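> First the structure, which I've put down as structure tokens, then a few questions once you've had a look.
Number of protein chains: 2
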Amino acid sequence: MAALPDPGPPLAPTRPRIVIVGAGFGGLSAAQALGNAAADVVLVDRDNYHLFQPLLYQVATAGLSPSDIAAPIRAIVGRYDNITVLLGAIERIDTVRRVAYMGKRPIPYDFLILATGARHAYFGHDEWERFAPGLKRIEDATEIRRRILLAFERAECADDEDERRRLMNFVVVGGGPTGVEMAGAMAELSRRALARDFQRIDPRAARIVLVEAGPRILPTFPETLSHDGRRQLERLGVEIRTGAPVTAVDGEGVVAGDERIDARTVIWAAGVAASPAAKWIGADHDRAGRVKVNPDLSVPGHPEIFVIGDTALALDVEGKPLPGVAPVAKQQGHYVARLIGSRLRGQPIGAFRYRNYGNLATIGRKAAVADFGWIRLRGLVAWLIWTVAHIYYLIGFRNRVMVALDWVWAYFTFQRGARLITERER
Amino acid sequence: MAALPDPGPPLAPTRPRIVIVGAGFGGLSAAQALGNAAADVVLVDRDNYHLFQPLLYQVATAGLSPSDIAAPIRAIVGRYDNITVLLGAIERIDTVRRVAYMGKRPIPYDFLILATGARHAYFGHDEWERFAPGLKRIEDATEIRRRILLAFERAECADDEDERRRLMNFVVVGGGPTGVEMAGAMAELSRRALARDFQRIDPRAARIVLVEAGPRILPTFPETLSHDGRRQLERLGVEIRTGAPVTAVDGEGVVAGDERIDARTVIWAAGVAASPAAKWIGADHDRAGRVKVNPDLSVPGHPEIFVIGDTALALDVEGKPLPGVAPVAKQQGHYVARLIGSRLRGQPIGAFRYRNYGNLATIGRKAAVADFGWIRLRGLVAWLIWTVAHIYYLIGFRNRVMVALDWVWAYFTFQRGARLITERER
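Chains as they are written, first to last, in the numbering used here: chain A, 1 to 426; chain B, 427 to 852.
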């Protein structure tokens, strides 16, 4: 038989181009759901890695290394031929021509998914940031780790008794999960890992004060679990001040409620503000900068633009804003990917609905609280669930194994492996 | 029987005070050998960790994390009650009053051990440092890692063909063990770990050029092993230029011999200069700043001051300078500790003699050279010995396990776990 003539490559139908900004939980889950779809996907992030933010406090307290909780974006989505990864920051968006700009480089889109996350906010007091760094990025975590470890080193050398006391006082502002986790981890660092390392100071005498403006810590949890969390934290030696809004922060400490607390090290875990995505697209937003989105997470007037994760103000069925947590962002990313696919096929799907599988906050070794709605847990059981869940959700086999080993090692030795003071003073 | 009256604490004999500056291989081994001795030991370092420098190139090429090869000094010597650890930099030394100064803080000594190591040197061209960072500290390694990974990211985005080529060219200056290890690891990073991660560039096409001024690479090894090393490197795809001294370095590349090599990323592994210890004590030194020491490693005219490791110019039995490698520093630290103990007991010991157990340099996966004097090895066997030796000498059980696991993982997957671009542009 004679060979048929080569028909040449098939005519390419116009493939829609989907640009995703941000490779956090939301953006990455959207990208993964669009892997191998009949669309060209461009994933833009200013970092080359996806960061597992829920464990960032462990980097800040020397329990884990940055590379344990970060995975290169290219390594995660490298298997999908239709995804292009770009390293860079989006600076503006032309919603009329449908072009995002990374510097001067135009990135045209048919669909745009904004998943740019949030930064910490100082309620109009940006000058507090120098004294009280927040915890959102790897550089924040290594900076906080540097400050905490240096405070003990300086206390060991200090000749002045007042200065030594200020150096051994630590204040964490904000009683949400991040603040609680930071305070608990700092207590364990000072009571356990550093306990015998110094000659002139006793790190176990370090004072760790958790300050919360509202009436209770862990306000998104049921009141009984708030109470349990407080008791578990106090057992670790953390002092808790509730109903104590912070009105001043400087290099010497904070004013919380009507009390002045001297402390050389202050950590900010009190407020977040969305990234400037709302400004880029000129969209309606709330005071924290979150874009008010439609029930399908698209932007009013722009059915081709979606906002997800901490950058979005999405409402649950009762009309309450969804919390800024990883599961919300992941489910939203997955939903938007599915929605775009359906729309391209002309099959509409219903509004986004968040499925809450439970809230967890860890406090320390064998101490945590867990709220699954139908059951509330505390102590060892909650802590084991927290541990397994976090290892399970970590991306990449290697990171899972490394973190698991670090934790097993820390559990038995009480030591912390990543006690490095790196980088110079900011 | 009536109890004897309490005799009170025994009269404390005057305990000598030994100050060790630097907690690298030399200083740390001296401190450990003096642990629990009848002397007060003060160990001063500007970092809070001991760094396992021979593996620093693996941090620079994203194979290991900083915390894998660094261990907190306090955790290492914490078990010795007679050792005080101070974090800070010595700025001057009063050899008449026998006081070292950490800033304004005086640290008096009876014996002083200077083990402050070396920095890279640019042969009078300090302006090259910006363009061609060296590899001595953790911050150097994360900076080099940042530059290498960013070069590929920028090449992926580059529209100009010349610029893309410059971004994909890498030059390593210096053909000693560090340069060889860097070039080999960069070849493996580009040929293996990154191979499939990009869409517009092929990282396997990256050009890695190793430039050496002398006639052969690995000049401290026997000529046959130099030759083997060269062949193994070339098999990995590294281009080697020998007899090519570097006469210019700028942001666009280097001039080596009579050739201009365009490259956005240049790594400096060519020369070292001792720390300024010689200046502190006004001692005689060579051009690289190394203090000329007596056969017992003391400073001429100062029997109470010892200089060890890369800061010392010590001679072997044939009158040749000892190389700046970890085993020399460790043996010297141990020797000086023993010497001080003997002197206090009035029992003199002989001059320092270096016992060379062999030289190793790794080139890449299953590629290395080893010279044990009585036998010379290359390839897989040398590489296995190198691997086992480096794990064995790593300090701390945890680091050993973590590095071993990282290596096993990398061996089977060809991936590199620490591919993070952190910190901002310097």
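Backbone N, C-alpha and C define an ideal beta-carbon position, used for all residues, glycine too. The model shown is predicted, which means the values in this text are computed figures rather than measured ones.
Under 8 Å between beta-carbons, which chain B residues line up against residue 58 of chain A? List them in chain order, please.
Correct list: empty, because the minimum Cβ distance to chain B is about 12 Å.
> Along the chain, where does the alpha helix (DSSP H) that runs through residue 367 of chain A open and close?
Looking at the DSSP string, residue 367 of chain A is not in any alpha helix (DSSP H); the run it does join, the beta strand (DSSP E), is 367 to 371.
> Is the distance from the Cβ of residue 36 of chain A to the Cβ of residue 80 of chain A below 7 Å?
Result yes, Cβ atoms of residue 36 of chain A and residue 80 of chain A sit closer than 7 Å.
> So, for residue 434 of chain B: in the same chain, excluding its five sequence neighbours on each side, which residues have a beta-carbon less than 6 Å away from its beta-carbon?
Note that residue 434 of chain B has pLDDT 46, beneath the 50 cutoff, so the model's placement of it is unreliable and the number below is only indicative. Result list for residue 434 of chain B: empty, nothing under 6 Å.
> Could you have a look at residue 628 of chain B and say whether DSSP puts it in helix, strand or coil?
Coil, per DSSP.
> Tell me whether residue 746 of chain B is buried or exposed, calling it buried when 16 or more other Cβ atoms sit within 10 Å of its Cβ.
It counts as exposed.
> Taking only the alpha-carbon atoms, compute the straight-line gap between residue 284 of chain A and residue 175 of chain A and give it to the nearest angstrom.
Each residue's alpha carbon lies about 29 Å from the other.
> List the residues of chain A whose Cβ lies closer than 7 Å to the Cβ of residue 579 of chain B, in chain order.
Result: 48, 87.
> Would a C-beta distance cut-off of 7 Å place residue 609 of chain B and residue 664 of chain B closer than the cut-off?
In this structure, residue 664 of chain B lies closer than 7 Å to residue 609 of chain B by Cβ.
> Might you give, ordered along the chain, the residues of its own chain that have their beta carbon closer than 8 Å to the beta carbon of residue 84 of chain A, omitting 5 neighbours on each side?
For residue 84 of chain A, where only same-chain residues beyond five positions count, the Cβ hits under 8 Å are 40, 41, 42, 43.
> Verify the contact flag: residue 839 of chain B, CB atom, against every heavy atom of the ligand ATP, threshold strictly below 6 Å.
As far as ligands go, the structure on display features none, and thus does not contain the ligand ATP.
> Using a Cβ-Cβ cut-off of 7 Å, state whether residue 2 of chain A counts as contacting chain B.
Model confidence at residue 2 of chain A stands at a pLDDT of 45, short of 50, so the residue's coordinates are unreliable; what they give is reported in the following sentence. Residue 2 of chain A does not count as touching chain B.
> Going by C-alpha to C-alpha distance, which of A:368, A:62, A:212, A:130 sits closest to residue 257 of chain A?
The candidate whose alpha carbon is nearest that of residue 257 of chain A is A:212.
> For residue 135 of chain A versus residue 60 of chain A, is the C-beta distance shorter than 7 Å?
Yes, the Cβ-Cβ distance between residue 135 of chain A and residue 60 of chain A is below 7 Å.
> Using a beta-carbon distance below 7 Å, is residue 846 of chain B in contact with chain A?
So, interface residue.
> With H, G and I counted as helix, E and B as strand and the rest as coil, what does DSSP make of residue 111 of chain A?
Three-state result, residue 111 of chain A: strand.
> Give the residues from the region 613 to 626 of chain B that approach chain A closer than 9 Å (Cβ to any Cβ), ordered along the chain.
Answer in chain order: 619, 620, 622, 623, 624, 625, 626.
> Within the same chain, show all residues whose beta-carbon is closer than 6 Å to that of residue 500 of chain B, passing over the 5 residues directly before and after it, in chain order.
Closer than 6 Å at Cβ, skipping near neighbours: 511.
> Any idea what DSSP makes of residue 520 of chain B, helix, strand or coil?
In this structure, residue 520 of chain B counts as strand in the three-state DSSP scheme.
> Taking any Cβ of chain B, which residues in the region 53 to 79 of chain A have a Cβ under 8 Å from it, in chain order?
Answer in chain order: 65, 66, 67, 68, 70, 72, 74, 75, 78.
> When the Cβ atoms of the region 591 to 605 of chain B are set against those of the region 704 to 723 of chain B, are three or more pairs found closer than 8 Å?
Output reads no: the region 704 to 723 of chain B does not touch the region 591 to 605 of chain B.
> Can you name, in chain order, every residue of its own chain whose Cβ lies under 6 Å from the Cβ of residue 67 of chain A, other than the five neighbours on each side?
Nothing meets the Cβ criterion.
> In the structure shown, what three-state DSSP assignment does residue 790 of chain B receive?
Here residue 790 of chain B sits in strand by DSSP.
> What residues from chain B crowd round residue 149 of chain A, counting only those whose CB sits closer than 7 Å?
Residues of chain B passing the Cβ test: 474.
> Can the beta-carbon of residue 234 of chain A be found closer than 7 Å to that of residue 111 of chain A?
The answer is no: Cβ separation not under 7 Å.
> Quick check: what's the CA-CA separation for residue 293 of chain A versus residue 351 of chain A?
If you take the alpha carbons of residue 293 of chain A and residue 351 of chain A, they lie about 11 Å apart.
> Tell me, please, whether the CB atom of residue 265 of chain A is closer than 7 Å to any CB atom in chain B?
So no, residue 265 of chain A is outside the interface.
> Using a beta-carbon distance below 7 Å, is residue 510 of chain B in contact with chain A?
It does: the Cβ of residue 510 of chain B has a partner Cβ on chain A nearer than 7 Å.
> Can you name the residues of chain A whose CB is closer than 9 Å to the CB of residue 443 of chain B?
None at all; the shortest Cβ gap to chain A is about 14 Å.
> Roughly how many whole angstroms lie between the Cα atoms of residue 349 of chain A and residue 343 of chain A?
Cα to Cα, residue 349 of chain A sits roughly 8 Å from residue 343 of chain A.
> Can you find the residues in the same chain that come closer than 6 Å, C-beta to C-beta, to residue 496 of chain B, ignoring five residues on each side of it along the sequence?
So the list reads 475, 477, once near-sequence residues are dropped.
> Can you say whether residue 623 of chain B is buried or exposed, counting buried as having 16 or more other CB atoms within 10 angstroms of its CB?
Buried, by the Cβ-count rule.
> Using a Cβ-Cβ cutoff of 9 Å, what residues of the region 528 to 543 of chain B are near chain A? List them in chain order.
Cβ contacts with chain A come from 528, 531.
> Per the DSSP calculation, residue 724 of chain B is bridged to which residue(s)?
BP columns for residue 724 of chain B point to B:732.
> If distances are taken between C-alpha atoms only, which option among B:763, B:765, B:751, B:771 comes closest to residue 787 of chain B?
When each option's Cα is compared against that of residue 787 of chain B, the closest is B:751.
> What do you get for residue 347 of chain A, buried or exposed, if any count of 16 or more other CB atoms within 10 angstroms of its CB means buried?
Exposed, by the Cβ-count rule.
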